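A.B. asks: In order, the protein sequence lines correspond to chains E and U.
What the first sequence shows, in our numbering, is residues 4 to 265, in sequence order.
What the second sequence shows, in our numbering, is residues 21 to 269, in sequence order.
All C-beta atoms, glycine included, are put in the ideal place defined by N, C-alpha and C.
Here the structure is a predicted model, which means the values were calculated and not measured.
Structure below; questions to follow.
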Amino acid sequence: MTDPNRFSFLFRFLTKAGEAGALFNQTFKNIFTKSWEKKNFLQQLEEIGVKSLPIVTITAAFGGLVFGLQIYIAFTRYVGHGSEAYSGPIISLGLSKELIPVFVGLMLAGRVGSSMAAEIGTMKITEQIDALFSLGADPNRFLVVPRTLACIVILPMLTLYGDFIGILSGFFYNIVLMGVNRHVYITNTLTYFEMWDVVSGLIKAVFFGVIIAIVGCWQGLSTEAGAEGVGKATTRAAVISSVLILIFNFFLSEFLPGSFTG
Amino acid sequence: MIRFVDVHKSFGENHVLRGLNLEINRGETLVIIGQSGSGKSVLLKHMIGLLQPDRGQIYIDGVNVTELREEKELYAVRRKFAMLFQGAALFDSMTVAQNVSFGLERYTTFPQEKIEKIVTECLDRVGLRNVEHLMPFELSGGMKKRVGLARAIAYNPEIILYDEPSTGIDQIRANAINDLINKLKEELNVTSVVITHDMDSTFKVADRIAMLYQGTIIECGTPEEIQQSKNRIVHQFIHGHAEGPLENW
Ligand SMILES: Nc1ncnc2c1ncn2[C@@H]1O[C@H](COP(=O)(O)OP(=O)(O)OP(=O)(O)O)[C@@H](O)[C@H]1O
Ligand SMILES: [Mg+2]
């Protein structure tokens, strides 16, 4: 009747989730008691932030172009020629609330989350984590907190930058390439596109930043079994954080208010 | 000063420490010998709190450290120790100087110039000069080990744990490390726990020798006592015979 493998899978899953939860707790406790190493934070800001600019630029630009393209087609098909000029706020809203935060999150999960797992995982298997501990440095404060804070700061900033690039690209596609009425497009955007649309995307980005850092560090710290283990931790960090980002994205969209005026 | 009482530790099915008892006195050098994989490194990591026993107690200066929960207390215990790791465990994102000063910056409030001076001194003690600015990947295996040693002795620990200090190092330098261990004991009354496979260095540094076998200390005594041990396992091990009760493969 009962398949023991099934329970052991469930048990393993719960243990793992518990580990990640404990790491999350510990990290935020350290953040709020302000006990962490500031030097590492600045280093991470550069590592995570500045070096992600090219990839965010490209993703946001092509995200904006393709979204502008599909909305253009939709308006032409369902509403009729000339209506495309009204698409401005839709493009801007879709990008800043959904596409850009998710794209930035996924890109950074691949770029940053996995490299955190690789770096910390290597430190784990070469006993550097043990060495940190023996020399009086708490690995959480030394490694996890600076990375988490850096992600919390960087993700919204990159998202804001991505919003700008994406909205500009949507504009470029419609106005410059397709010759949509520029005056109507801009007035409409300014009338219906709200500050909240940007802000709610940035709130999502904060959550995604926490997910990327915690999952990356957790995978790194639980690395075992040599170089192969590091490889696995790296892949897992990227996959788990990407999936979590998509899941959280839906629930955040559902529970964050859609609009602040209405 | 360090006392293990009935310590058990398993990793999954692998029961590594099985009711281990051991006592280490202040200011002595205890050498732990035993076959590869017998749990010597695991034993060492229990002393400094990197591993927690599944069962049993560990006393450091009379305090049962397995019951400590307060971070401050644990930190105070850790401050007493320094550990030289088997694989050196240098931080590979930091220079040699940053590695050696790492403990000093956290365990002391010395000004920067003093720290730099100590770093140079400690590197000098392990026979390294002008390597401060190098990164760990630029060092040879033996040099890494010696930087690890410099890092361990830098902040004046009371107890130094050496996990195979002379493995991968030529005979002359290995002897220099033996001398260093003895000197630290004489000058600073450091308590040392040394793991080594090198019988020559065992007899050069040991006040007492303990043999770990199947999860317990099967014999512990002065070098003379160990040399004359009636225990066939100990006898075979220190003379390195292939024939005997210890499996040779
Ligand atoms: N973190 C760990 N997780 C799982 N198993 C471990 C861990 N650390 C050690 N072991 C296991 O414990 C046993 C003892 O390992 P240990 O490293 O203490 O051996 P050792 O006596 O130091 O050997 P060597 O002389 O080769 O260094 C081994 O079987 C090892 O696989
Ligand atoms: Mg070992």
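Taking the straight line between their C-alpha atoms, what separation do you get for Ala120 of chain E and Ser113 of chain U?
C.D. replies: As a working mapping, residue 120 of chain E is identified with position 117 in the first sequence. As a working mapping, residue 113 of chain U is identified with position 93 in the second sequence. Cα-Cα distance, rounded: 15 Å.
A.B. asks: Are the CB atoms of Leu64 of chain U and Gly168 of chain U nearer to each other than 8 Å?
C.D. replies: Locating residue 64 of chain U in the second sequence gives position 44, where the first residue counts as 1. Locating residue 168 of chain U in the second sequence gives position 148, where the first residue counts as 1. Cβ distance not < 8 Å, so Leu64 of chain U and Gly168 of chain U don't count as in contact.
A.B. asks: Ordered along the chain, which non-local residues of its own chain (more than five positions away) have a Cβ less than 6 Å from that of Lys207 of chain E?
C.D. replies: Counting from one through the first sequence, the residue named residue 207 of chain E turns up at place 204. If we look at Lys207 of chain E and ignore the five residues flanking it on each side, its Cβ neighbours are Pro104, Leu255.
A.B. asks: Cβ of Asp200 of chain E within 8 Å of Cβ of Ser90 of chain E?
C.D. replies: As a first step, residue 200 of chain E is located in the first sequence; it is residue number 197 there, counting from the start. As a first step, residue 90 of chain E is located in the first sequence; it is residue number 87 there, counting from the start. Against a cut-off of 8 Å, the Cβ pair of Ser90 of chain E and Asp200 of chain E comes out as no contact.
A.B. asks: So, is Pro57 of chain E buried or exposed, given that buried needs 16 or more other C-beta atoms within 10 angstroms?
C.D. replies: Within the first sequence, numbered from 1, the residue matching residue 57 of chain E stands at position 54. Exposed is the call here.
A.B. asks: By the 10 Å Cβ neighbour count, where 16 or more other Cβ atoms means buried, how is Ile215 of chain U classified, buried or exposed?
C.D. replies: The residue labelled residue 215 of chain U in the question sits at position 195 within the second sequence. So Ile215 of chain U counts as buried.
A.B. asks: Could you tell me whether any Cβ in chain E is nearer than 8 Å to the Cβ of Tyr95 of chain U?
C.D. replies: Here residue 95 of chain U is taken as the residue at index 75 of the second sequence, counted from 1. With 8 Å as the cut-off, Tyr95 of chain U counts as an interface residue toward chain E.
A.B. asks: Under a three-way DSSP split, which group does Leu13 of chain E fall into?
C.D. replies: Start at 1 with the first residue of the first sequence, and residue 13 of chain E comes out as number 10. DSSP places Leu13 of chain E in helix when its eight states are reduced to three.
A.B. asks: Considering only residues of the same chain and omitting the five flanking positions on each side of Met4 of chain E, which have a CB-CB separation below 6 Å?
C.D. replies: Numbered from its first residue, the first sequence carries residue 4 of chain E at position 1. Per-residue confidence for Met4 of chain E stands at a pLDDT of 46, beneath the threshold of 50, marking its modelled position as unreliable; no derived number is given.
A.B. asks: How would you call Thr192 of chain E, buried or exposed, if buried means at least 16 neighbouring beta carbons within 10 angstroms?
C.D. replies: For this step, residue 192 of chain E is matched to residue 189 along the first sequence. Classification of Thr192 of chain E: buried, given that the 10 Å Cβ count is 16 or more.
A.B. asks: I'd like to know whether the C-beta of Ser95 of chain E is nearer than 8 Å to at least one C-beta of chain U.
C.D. replies: Reading the first sequence from its first residue, position 92 is the one you call residue 95 of chain E. Any Cβ of chain U closer than 8 Å to the Cβ of Ser95 of chain E would place that residue at the interface, and such an atom is absent.
A.B. asks: Taking the alpha-carbon of Arg150 of chain E as reference, which of E:Gly261, E:Glu49, E:Ala23 has the nearest alpha-carbon?
C.D. replies: Here residue 150 of chain E refers to the residue found at position 147 of the first sequence. For the residues E:Gly261, E:Glu49, E:Ala23, the minimum Cα distance to Arg150 of chain E belongs to E:Glu49.
A.B. asks: Between Gly124 of chain E and Ala23 of chain E, is the Cβ-Cβ spacing less than 8 Å?
C.D. replies: The count along the first sequence starts at 1 and reaches residue 124 of chain E at position 121. The count along the first sequence starts at 1 and reaches residue 23 of chain E at position 20. No, the Cβ-Cβ distance between Gly124 of chain E and Ala23 of chain E is not below 8 Å.
A.B. asks: Is Asp16 of chain U a contact residue of ligand 2, with contact defined as CB to any heavy atom under 7 Å?
C.D. replies: With chain U covering only 21 through 269, there is no way to say anything about residue 16 of chain U.
A.B. asks: What does Tyr127 of chain U touch in chain E if you count any residue whose Cβ is under 9 Å from its own?
C.D. replies: What you label residue 127 of chain U is simply residue 107 of the second sequence in a count that begins at 1. Per Cβ cutoff of 9 Å: Leu138, Gly139.
A.B. asks: Quickly, what does DSSP pair Leu325 of chain U with across the bridge? List them, please.
C.D. replies: Residue 325 of chain U falls outside the range modelled here, since chain U spans only 21 to 269, and no answer is possible.
A.B. asks: So with CB distances below 9 Å, who are the chain E contacts of Phe31 of chain U?
C.D. replies: Numbered from 1 along the second sequence, position 11 holds the residue referred to as residue 31 of chain U. Going along chain E, no residue has its Cβ under 9 Å from Phe31 of chain U, so there is no contact; the nearest lies around 10 Å.
A.B. asks: Who are the near neighbours of Ile128 of chain E in its chain, counting only those whose CB is closer than 7 Å to its CB and skipping five residues on each side?
C.D. replies: Your numbering for residue 128 of chain E matches position 125 in the first sequence. For Ile128 of chain E, where only same-chain residues beyond five positions count, the Cβ hits under 7 Å are Thr226, Gly229, Gly232, Val233.
A.B. asks: Any chance the CB of Ser172 of chain E is under 7 Å from a heavy atom of ligand 2?
C.D. replies: Locating residue 172 of chain E in the first sequence gives position 169, counting from the first residue. No, the Cβ of Ser172 of chain E stays beyond 7 Å of every heavy atom of ligand 2.
A.B. asks: Hey, how far is the Cα of Gly113 of chain E from the Cα of Ser245 of chain E?
C.D. replies: As a working note, residue 113 of chain E is residue 110 in the first sequence. As a working note, residue 245 of chain E is residue 242 in the first sequence. Inter-residue distance for Gly113 of chain E and Ser245 of chain E is about 8 Å (C-alpha atoms, whole angstroms).
A.B. asks: Going by the CB atoms, is the gap between Tyr127 of chain U and Tyr175 of chain U shorter than 8 Å?
C.D. replies: Taking the first residue of the second sequence as 1, we reach residue 175 of chain U at position 155. Taking the first residue of the second sequence as 1, we reach residue 127 of chain U at position 107. Closer than 8 Å, so yes.
A.B. asks: CB of Ser61 of chain U to nearest heavy atom of ligand 1: below 7 Å?
C.D. replies: As a first step, residue 61 of chain U must be located in the second sequence, where it is residue number 41. Under cutoff, so the answer is yes.
A.B. asks: By DSSP, does Gln222 of chain E sit in helix, in strand, or in coil?
C.D. replies: The residue given as residue 222 of chain E occupies position 219 in the first sequence. Correct three-state label for Gln222 of chain E: helix.
A.B. asks: For His28 of chain U, which three-state DSSP category applies?
C.D. replies: Taking the second sequence and counting its residues from 1, the one referred to as residue 28 of chain U is at position 8. Residue state, collapsed to three classes: strand.
A.B. asks: Quick test of the definition: if touching needs 3 or more C-beta pairs under 8 Å, does the stretch 178 to 196 of chain U touch the stretch 93 to 108 of chain U?
C.D. replies: The stretch 178 to 196 of chain U vs the stretch 93 to 108 of chain U: in contact.
A.B. asks: Taking only beta-carbon atoms, is Met270 of chain U less than 8 Å away from chain E?
C.D. replies: The requested residue 270 of chain U does not occur in the structure, where chain U is confined to residues 21 to 269.
A.B. asks: In chain order, what residues of the same chain have a beta carbon less than 6 Å from the beta carbon of Ala88 of chain E, not counting five sequence neighbours either side?
C.D. replies: Residue numbering aside, residue 88 of chain E sits at position 85 when the first sequence is read from its first letter. Taken in chain order, the residues that qualify are Val183, Asn184, Val187, Tyr188.
A.B. asks: Excluding the five sequence neighbours on either side, which residues of its own chain have a C-beta within less than 6 Å of the C-beta of Ile201 of chain U, listed in chain order?
C.D. replies: Numbered from its first residue, the second sequence carries residue 201 of chain U at position 181. Hits under 6 Å: Ser212, Val225.
A.B. asks: Output yes or no for whether 8 Å exceeds the beta carbon distance between Leu143 of chain U and Thr115 of chain U.
C.D. replies: For the purposes of this step, residue 143 of chain U is taken as the residue at position 123 of the second sequence. For the purposes of this step, residue 115 of chain U is taken as the residue at position 95 of the second sequence. Their beta carbons are not under 8 Å apart, which means Leu143 of chain U does not touch Thr115 of chain U by this criterion.
A.B. asks: Check distances from the C-beta atoms of the stretch 118 to 133 of chain E to those of chain U and list, in chain order, the residues that come in under 7 Å.
C.D. replies: Within the stretch 118 to 133 of chain E, the residues whose Cβ lies closer than 7 Å to some Cβ of chain U are Thr129, Glu130, Gln131, Asp133, listed in chain order.
A.B. asks: Beta carbon of Ala109 of chain U, beta carbon of Arg145 of chain U: below 8 Å?
C.D. replies: The count along the second sequence starts at 1 and reaches residue 109 of chain U at position 89. The count along the second sequence starts at 1 and reaches residue 145 of chain U at position 125. With a cutoff of 8 Å on beta-carbon distance, Ala109 of chain U and Arg145 of chain U are scored as not near each other.
A.B. asks: Measuring only from the beta carbon, is Ser221 of chain U closer than 7 Å to any heavy atom that is part of ligand 1?
C.D. replies: Translated into positions along the second sequence, residue 221 of chain U becomes position 201. No - ligand 1 has no heavy atom lying nearer than 7 Å to the Cβ of Ser221 of chain U.
A.B. asks: Return the bridge partner residues of Asp133 of chain E from the DSSP annotation.
C.D. replies: As a position in the first sequence, residue 133 of chain E is number 130, starting the count at 1. None; Asp133 of chain E has no bridge partner.
A.B. asks: Anything in chain A within Cβ reach of Leu70 of chain U, meaning under 8 Å, just list it in chain order.
C.D. replies: Checking the listed chains, one finds no chain A in this structure; the protein chains it contains are E and U.
A.B. asks: So, do the stretch 58 to 76 of chain E and the stretch 170 to 182 of chain E have three or more beta carbon pairs nearer to each other than 8 Å?
C.D. replies: yes
A.B. asks: For Asp166 of chain E, count neighbouring C-beta atoms within 10 Å of its own C-beta (all shown protein chains included) and say buried if the count is 16 or more, exposed if not.
C.D. replies: Counted from its first residue, the first sequence places residue 166 of chain E at position 163. Buried, since its Cβ has 16 or more Cβ neighbours within 10 Å.
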